[in-house]
Amino acid sequence: MRRFMVRVAWAIAALGAAAMPRAASAAEGPQPEVLNLVPDDTDTVFCWGEPRSGSTFQFMAACVASTLKWPNKHVDCDMRKASLNTQKTADVNVVKSHKIPRIIDGRPVYKGNRVVVASTVEEASEPFQKIVDAGIKITFRVTKAQLARNVHLGIALFWEAFALSEEDRATMEEFMHLWDITRRCCGSQASKAWRQKLTSGRIHEKPYHECQAYDLDRVEAMLFDSRFVQQHPEQLFFPDRGMPQWERGMCTRSIEALQSGLGFNGDWLPAEASGP
């Protein structure tokens, strides 16, 4: 285990220490707010957030944490089945939506424990009140500012709430750092600043975007070789088209598409992908 954690730390550092978010310390910035631990009999992990607020990052973190917490259960991660009334298809369902009405859908939700994850929050915000009024328990919260300050905070929020073992924490951190780089630098949901760099050769928005500091082909290879993907290849979820279909070499192909003017959420992936 110790050797694995050393390997994780070395691999992340080798990708470009200057470009990686720094780990949090006790005196540095806001810490993750964990209101409760995720119950063992949870059947739904719901992720909610405004568009471009870090909600997809949290969805993936919830998917990974759920898969690691319940290795003997069927964990289904899906961005499409947003209504709690229609998506109870697995032992544990991890879902995401940008719109609160899609959660409640005007009908009573089925009974059972559930978790609501919010990526952008205000204590008195109307969407949260709708969730509370529906009898859905909010287990923990994180803000976009926290994620922007330090991605490690977002990862730590989940492993603390899901009470993951030390080994599972290392597995999750390795995967999430690599996935986060790939998610922001490849595919049709790549960041706006990186898209500008690829199409015009310069970045119009500050701060400097770190994608150009990475060997993205190497990052992608490390993602596929990560412990989590080796153990759970079915959960290598990527946001394009909302289904698990990322395959080796797609980062290069997506960058070529971005350079040719691929728009945000544009259609570029093949109809079928071979998977990891």
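So in our numbering the end of the sequence shown lands on 292, straight run, no missing numbers. Glycine included, C-beta positions come from ideal geometry on N, C-alpha and C.
*Quickly, what does DSSP pair Val-91 with across the bridge? List them, please.*
As a working note, residue 91 is residue 75 in the sequence shown. Its beta-bridge partners are Val-108.
*I think Ala-77 touches Met-192, with their Cβ atoms under 8 Å apart; what is that distance to the nearest whole Å?*
One-based indexing of the sequence shown puts residue 77 at position 61. One-based indexing of the sequence shown puts residue 192 at position 176. That belief holds up - the Cβ atoms of Ala-77 and Met-192 are roughly 6 Å apart, short of 8 Å.
*For Asp-231, name the three-state secondary structure that DSSP assigns.*
As a first step, residue 231 is located in the sequence shown; it is residue number 215 there, counting from the start. Looking at Asp-231 - three-state DSSP - the assignment turns out to be coil, as it is neither helix nor strand.
*asked:* What does the Cβ neighbour count give for Ser-216, buried or exposed, with the cut at 16 atoms within 10 Å?
replied: For this step, residue 216 is matched to residue 200 along the sequence shown. By the 10 Å Cβ count, Ser-216 comes out exposed.
*Drop a sphere of 10 angstroms on the beta-carbon of Ala-172, count the other beta-carbons inside from all chains shown, and report buried for 16 or more, exposed for fewer.*
Mapped onto the sequence shown, residue 172 falls at position 156. Its Cβ being crowded by 16 or more others within 10 Å, Ala-172 is buried.
*Reduced DSSP category for Asp-241 - H, G, I as helix; E, B as strand; rest coil*: For the purposes of this step, residue 241 is identified with residue 225 of the sequence shown, where counting begins at 1. Asp-241: helix per DSSP, three-state reduction.
*With a Cβ-Cβ cutoff of 8 Å, do Val-108 and Lys-89 count as a contact?*
Here residue 108 refers to the residue found at position 92 when the sequence shown is read from its first residue. Here residue 89 refers to the residue found at position 73 when the sequence shown is read from its first residue. Yes, these two residues count as a Cβ contact at 8 Å.
*Under 8 Å between the Cβ atoms of Asp-233 and Cys-267?*
Translated into positions along the sequence shown, residue 233 becomes position 217. Translated into positions along the sequence shown, residue 267 becomes position 251. Yes, Cβ-Cβ distance for Asp-233 and Cys-267 is below 8 Å.
_Where Asp-59 falls: helix, strand or coil (DSSP)_ = Taking the first residue of the sequence shown as 1, we reach residue 59 at position 43. DSSP places Asp-59 in strand when its eight states are reduced to three.
*Taking only the alpha-carbon atoms, compute the straight-line gap between Trp-262 and Trp-195 and give it to the nearest angstrom.*
As a position in the sequence shown, residue 262 is number 246, starting the count at 1. As a position in the sequence shown, residue 195 is number 179, starting the count at 1. When rounded, the distance between both Cα atoms is 11 Å.
*Would you say Val-131 and Val-61 are within 8 Å of each other, going by their C-beta atoms?*
To locate residue 131, count along the sequence shown from 1; it is residue 115. To locate residue 61, count along the sequence shown from 1; it is residue 45. Cβ distance < 8 Å, so Val-131 and Val-61 count as in contact.
*Determine, using beta-carbon pairs with one atom in the segment 178-187 and one in the segment 198-216, whether at least three such pairs fall under 8 Å.*
no
*Flag this pair as yes or no: are the beta carbons of Leu-239 and Lys-85 separated by less than 8 Å?*
Walking along the sequence shown from the start, residue 239 turns up at place 223. Walking along the sequence shown from the start, residue 85 turns up at place 69. Cβ distance not < 8 Å, so Leu-239 and Lys-85 don't count as in contact.
_Residue from Trp-64, Arg-264 and Ala-81 whose Cα sits closest to the Cα of Thr-58_ = Residue mapping note: residue 58 aligns to position 42 of the sequence shown, counting from 1. When each option's Cα is compared against that of Thr-58, the closest is Ala-81.
*Decide if Asp-56 is buried, meaning its Cβ has at least 16 other Cβ atoms within 10 Å, or exposed.*
Position 40 of the sequence shown holds residue 56. Answer is exposed; the Cβ neighbour count stays below 16.
*State yes or no: is the C-beta of Gly-203 within less than 8 Å of the C-beta of Ser-270?*
The residue given as residue 203 occupies position 187 in the sequence shown. The residue given as residue 270 occupies position 254 in the sequence shown. Yes. Within cutoff.
*Since I believe Thr-198 is in contact with Val-54 (beta carbons under 8 Å), could you give me their beta-carbon distance rounded to a whole number of angstroms?*
Reading the sequence shown from its first residue, position 38 is the one you call residue 54. Reading the sequence shown from its first residue, position 182 is the one you call residue 198. Going by Cβ atoms, the distance from Val-54 to Thr-198 rounds to 26 Å, so no, they are not a contact pair.
*Would you give the residue range spanned by the alpha helix (DSSP H) that Trp-195 belongs to?*
As a first step, residue 195 is located in the sequence shown; it is residue number 179 there, counting from the start. That run of the alpha helix (DSSP H) goes 182-201.
*Pull up the distance between the alpha-carbon of Cys-201 and that of Cys-227, whole angstroms please.*
Reading the sequence shown from its first residue, position 185 is the one you call residue 201. Reading the sequence shown from its first residue, position 211 is the one you call residue 227. So the two alpha carbons sit approximately 6 Å from each other.
*asked:* Distance check for Thr-83 and Phe-178, CA to CA, integer angstroms please.
replied: Taking the sequence shown and counting its residues from 1, one reaches residue 178 at position 162. Taking the sequence shown and counting its residues from 1, one reaches residue 83 at position 67. Spanning the two alpha carbons is a distance of roughly 10 Å.
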